[in-house]
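Heads up: the structure comes next, in structure tokens.
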Amino acid sequence: MDACPIPQAAEPCALVIFGASGDLTKRKLLPSLYNLASYHLLPADFSIIGVARRPLSDDVFREQLGKALGELGTQPVDPNLWTRFRGRISYCAGDVDNPETYDKLKQALTASEKQFKTSGNAVFYLSVQPDFFATIAKRLSEAGLLTEEGGRWRRVIIEKPFGHDLASARTLNSQLTSAMKEHQIYRIDHYLGKETAQNLLVFRLGNAIFEPIWNRRYVDHVQLTVAEKIGVEGRGAFYESAGAFRDVMQNHMFMLLALIAMEPPTSLEGEAIRNEKVKLLRSIRQTTPEEALMNTVRGQYGEGMVDGKKVPGYRQEPNVDPNSTVETFAAIKLRIENWRWAGVPFYLRSGKRLPRRTTSIVFRFKTPPLSLFATNEADPIAPNYLIFHIQPDEGITLQVRAKIPGPTICTRSVRLEFDYNQFGDRQPTTGYEKLLYDCMVGDSSLFHRSDMVDAAWQAASPILEAWNNNPPTDFPNYASGTWGPEPAMRLMERDNHHWWTEEKH
Ligand code: BG6
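Numbered by the working numbering, the letters in the sequence shown go through residues -7 to 497 in order.
In structure tokens, the structure reads:
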């Protein structure tokens, strides 16, 4: 029998969304909140206040959200639930830099506290350009909206990028912490809200058989892949200032790395987990510029075929410099300098316009010390692999050696598969439900703490510096619809490894 504690609805609160007319509100936040309401995880005493520049009435705003929910929600809209939900939504028009906006917001929060009994608690979701984070934090603080008193709490959610490099990340951190306390800041990472990402800890620490082999004695190397089929999808202007390394690797992938490689925490309490993550991030070996160039590969997609259709190269995308040297693919080899992982290479790769959308974490274990069994010649490598499929088909695979039926002993790799789709009733999600709920109950374990952000930038800095000082001369160097530039294969081959693919094994 499954024995799960019945989840409690979050505490009464108001959710204030800055940038309420934007895409994130319609695609992710509203559907997630609606899903939480349908699972009875939203408090009965709840309200949503949208803030954006355009003047709108409450009713028009509600209509817009209702339409978006019908189109973009992950489940059919129940008219009764929507009617209750709708009545708790209001709108506050204003410019984020204008103190009057915050006076109006204060009144709206007071009214909502009276009407919906939100107990003065509030989450401020800053779904705006990162340039506005510091301004909004400052204005909220000046208006007294971040003061926690009389038992009420105030929390602020921001989404990456948390700075552009170490220096700007530190500036942002100090701007935020001069407006509020660190415990009030929830730096969200939607990758950590993914189901299999959350299962990593359970799998590793809830099963006695895995932790003993989770170290340099048994693990040969680890691979993390975040592959995307899409290109920059109209985000050329943003991407020109980011690139694959800043956009995905330095944050989502480093945080997944921290989760799989950290020491077991002493409890599941947010700070205990984050203390271990930061220790791990600080153990990433700081490379010299020469090592950084040797252990990294950059790529940019040229035109090519994806799903049988011709697609343009990155330099031909709207709002992209026709001579751009921004990378759309990055592969790196990292070392973690601690007792558990010394000597174990970690290979990370991420890119756009690759053949398939897939995110996976692959542990390759060492081969048996003696090769007792004959192998099938077409399949000569005999190590075990443990693969966490984060998306799109969530699951876990353990690849082991087995005897091929027949009179002689000949072996082949077989896969023991755990498929999330066949595991209990799965409720439709956007990936934000868990993160929003955690913020409302004050569980910060899946959110980045400022020292984690700092440590991730410190690990990234030598690479970014080496790249900056040595601009690429061969871009574009991979065709859309392929697995990235040739040197990314050589990064593995020179260590006698290869990137794990679904097909090969
Ligand atoms: C975002 C990046 O953080 O993650 C995007 O800015 C990327 O460029 C996206 O496409 C990938 O997220 P997911 O959940 O679709 O894998």
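Note that beta-carbon positions come from the ideal geometry of N, C-alpha and C, so glycine has one too.
Could you spell out where the beta strand (DSSP E) holding residue i opens and where it closes?
i    : result
A161 : Here A161 belongs to no beta strand (DSSP E); instead the alpha helix (DSSP H) covers L158 to A171.
C402 : C402 to D411
G343 : F338 to G343
A44  : F38 to A44
E151 : R146 to E151
L390 : G387 to K395
K426 : Not the beta strand (DSSP E): K426 falls in the alpha helix (DSSP H), residues E425 to V433.
Can you tell me whether residue i is helix, strand or coil according to DSSP?
i    : result
H497 : Bear in mind that a pLDDT of 45 at H497, under 50, signals an unreliable position, so the model cannot answer this.
E3   : coil
Y293 : strand
E63  : helix
S453 : helix
D212 : strand
I382 : strand
F415 : coil
E309 : coil
L118 : strand
L346 : coil
G58  : helix
A471 : strand
I252 : helix
K269 : helix
F53  : helix
R106 : Checking the sequence, you will find Lys at residue 106 rather than Arg. The answer is helix: DSSP assigns K106 an H, G or I state.
H182 : helix
S567 : Because the chain is modelled from -7 through 497, residue 567 falls outside the range shown and cannot be assessed.
K301 : strand
I128 : helix
P222 : According to the sequence as given, residue 222 is Ile; it is not Pro. Three-state DSSP puts I222 in coil, outside helix and strand.
N243 : helix
Going by the CB atoms, is the gap between residue j and residue i shorter than 8 Å?
i    : j    : result
C431 : V43  : no
F246 : A451 : yes
F108 : F38  : yes
N287 : K344 : no
R54  : R76  : no
R290 : F321 : yes
M241 : S342 : yes
A161 : V354 : no
G294 : P468 : yes
D212 : P360 : no
S30  : Y424 : no
I388 : S352 : no
W492 : Q215 : yes
P347 : W206 : no
K358 : Y210 : yes
R441 : E174 : yes
L138 : M172 : yes
F124 : L168 : no
I128 : V69  : no
T17  : T421 : no
G258 : A250 : In the sequence as presented, Gly is not what sits at residue 258; that position holds Thr. Result no, Cβ atoms of T258 and A250 do not sit closer than 8 Å.
Q176 : R147 : yes
G296 : S472 : yes
Y429 : A2   : yes
At the 8 Å Cβ level, is residue i part of the contact set with chain C, yes or no?
i   : result
P91 : Given the protein chain composition of this structure (a single chain), no chain C is represented.
For residue i, verify whether its CB is less than 7 Å away from any heavy atom of the ligand BG6.
i    : result
D239 : yes
H156 : no
H381 : no
H244 : yes
E220 : yes
H182 : yes
T188 : no
T66  : no
T351 : yes
Kindly identify the DSSP beta-bridge partner or partners of residue i.
i    : result
F355 : V214 and L378
T139 : Partner(s): none; T139 has no beta bridge.
E279 : Note that residue 279 is Thr in the sequence shown, not Glu. DSSP, once it has assigned bridges, lists no residue as partnering T279.
T288 : I324
F10  : V43 and L118
H440 : R179
Determine the extent of the alpha helix (DSSP H) in which residue i is found, giving its start and end residues.
i    : result
Y231 : G228 to E232
N27  : L22 to S30
N191 : E187 to L197
P479 : E478 to E485
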